[in-house]
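See below for the structure under consideration.
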Amino acid sequence: MKPNPIQGKLAGLSILVVEDGADNQRIFRHFLKMAGADFFIVEDGRSALERALQDESIDLVLMDIQIPEIDGYEVTERLRNAGFTRPIIAVTAHPLQLEKPQGAKAGITDFLAKPIQIETLVQTIIKYTRPEPQAAAPEASPEPAPAVTSAVEIQDSEPFLLSKYHNNQMYRSIIIEFVRSFQQRIEDMVALINDMNWEKLGFALHQMKGAAATYGYPQVSEIAAQMEHTAKEARRDVHAVQTIRKQAEHMRGMGIRMQSGLDGFENRTV
Numbered sequence: 388m389k390p391n392p393i394q395g396k397l398a399g400l401s402i403l404v405v406e407d408g409a410d411n412q413r414i415f416r417h418f419l420k421m422a423g424a425d426f427f428i429v430e431d432g433r434s435a436l437e438r439a440l441q442d443e444s445i446d447l448v449l450m451d452i453q454i455p456e457i458d459g460y461e462v463t464e465r466l467r468n469a470g471f472t473r474p475i476i477a478v479t480a481h482p483l484q485l486e487k488p489q490g491a492k493a494g495i496t497d498f499l500a501k502p503i504q505i506e507t508l509v510q511t512i513i514k515y516t517r518p519e520p521q522a523a524a525p526e527a528s529p530e531p532a533p534a535v536t537s538a539v540e541i542q543d544s545e546p547f548l549l550s551k552y553h554n555n556q557m558y559r560s561i562i563i564e565f566v567r568s569f570q571q572r573i574e575d576m577v578a579l580i581n582d583m584n585w586e587k588l589g590f591a592l593h594q595m596k597g598a599a600a601t602y603g604y605p606q607v608s609e610i611a612a613q614m615e616h617t618a619k620e621a622r623r624d625v626h627a628v629q630t631i632r633k634q635a636e637h638m639r640g641m642g643i644r645m646q647s648g649l650d651g652f653e654n655r656t657v
């Protein structure tokens, strides 16, 4: 078994995580715990402000940009104006070249792109909390490839679908949790389609898009991106409603293939 490359790497550090998405919270919780960090998660900008200004033990802040009440840039700017000097790392799904100018103005220390690359996350935290002048700085987290949103379906030929991290022990438990909850999430999305609640559906799909990529299912992430685009179209185009229903059924089928892949892999490893 390969050694865990992040095990204990962040021991002794206190990290404030500002993230409202349940999947990303789960990912941060799983890997920061594995790396040995102490951490606290808040879901909105106002709570982030209060916690950061009151807790002097915080070594670094991981700041999602799209958060409720006050966005990540305004939170950062207020913290800097209040004298907060510790590193603030922005986490965003938007193109970094578009985000960096505004981030620099607000006082962001650095950026990480979603989907989150776990080893890059840990390396970046180490870079700004335990600097070693002669050590090579980690490369910036690569930006995710833009999702294709024009096609309704992706051609699938295999009866099962495995995460690209299926052999990585670090990911095993959260992959299992993601796959086992997947069909219920599809049912929840279908209910939102039936209710024509496009705003809430779009939020759920945005979360699914990033989570699936982080869990190692880029095919699922791409379908979620297509559906997110279609949900926007459905607000003004009745024909898009039928399209998104077909996409949801395709997503349901992918969930079955994911479960088959997980079952088959677990049977081979018993």
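Numbering (this note's numbering), first residue to last: 388 to 657. Think of the CB as a built atom: it goes at the ideal place given N, C-alpha and C, for glycine as much as any other residue. None of these values were measured; they are calculated from a predicted model.
Check: Tell me which residues share the same chain as residue 497 and place their Cβ nearer than 6 Å to its Cβ, disregarding the 5 neighbours each side in the sequence.; Outcome: 476
Check: State whether the segment 621-633 contacts the segment 593-601, with contact taken as three or more CB pairs (one from each stretch) at a distance under 8 Å.; Outcome: no
Check: If we count Cβ pairs, one from each stretch, closer than 8 Å, do we get three or more for the segment 417-427 versus the segment 574-592?; Outcome: no
Check: Determine the contact status of residue 553 and residue 563, defining contact as a CB-CB distance below 8 Å.; Outcome: no
Check: Report the rounded CA-to-CA distance for residue 648 versus residue 594, giving the unit in angstroms.; Outcome: 23 Å
Check: Going along the chain, which unbroken runs of the alpha helix (DSSP H) with 4 or more residues stay wholly within the segment 585-639?; Outcome: 585-601, 605-621
Check: Have a look at residue 512 and residue 623 and give me their C-alpha separation to the nearest angstrom.; Outcome: 44 Å
Check: From the DSSP output, in three-state form, read off residue 450 for me.; Outcome: strand
Check: Quick check on the DSSP output: what are the complete alpha helix (DSSP H) runs of length 4 or more inside the segment 459-492, in order along the chain?; Outcome: 459-468
Check: Tell me whether residue 468 is buried or exposed, calling it buried when 16 or more other Cβ atoms sit within 10 Å of its Cβ.; Outcome: exposed
Check: Am I right that residue 658 and residue 447 are in contact with their C-beta atoms under 8 Å? What's the rounded C-beta distance?; Outcome: Nothing can be reported for residue 658, as the shown portion of the chain is limited to 388 through 657.
Check: Any idea if residue 391 is buried or exposed, counting beta-carbon neighbours within 10 angstroms, 16 or more meaning buried?; Outcome: exposed
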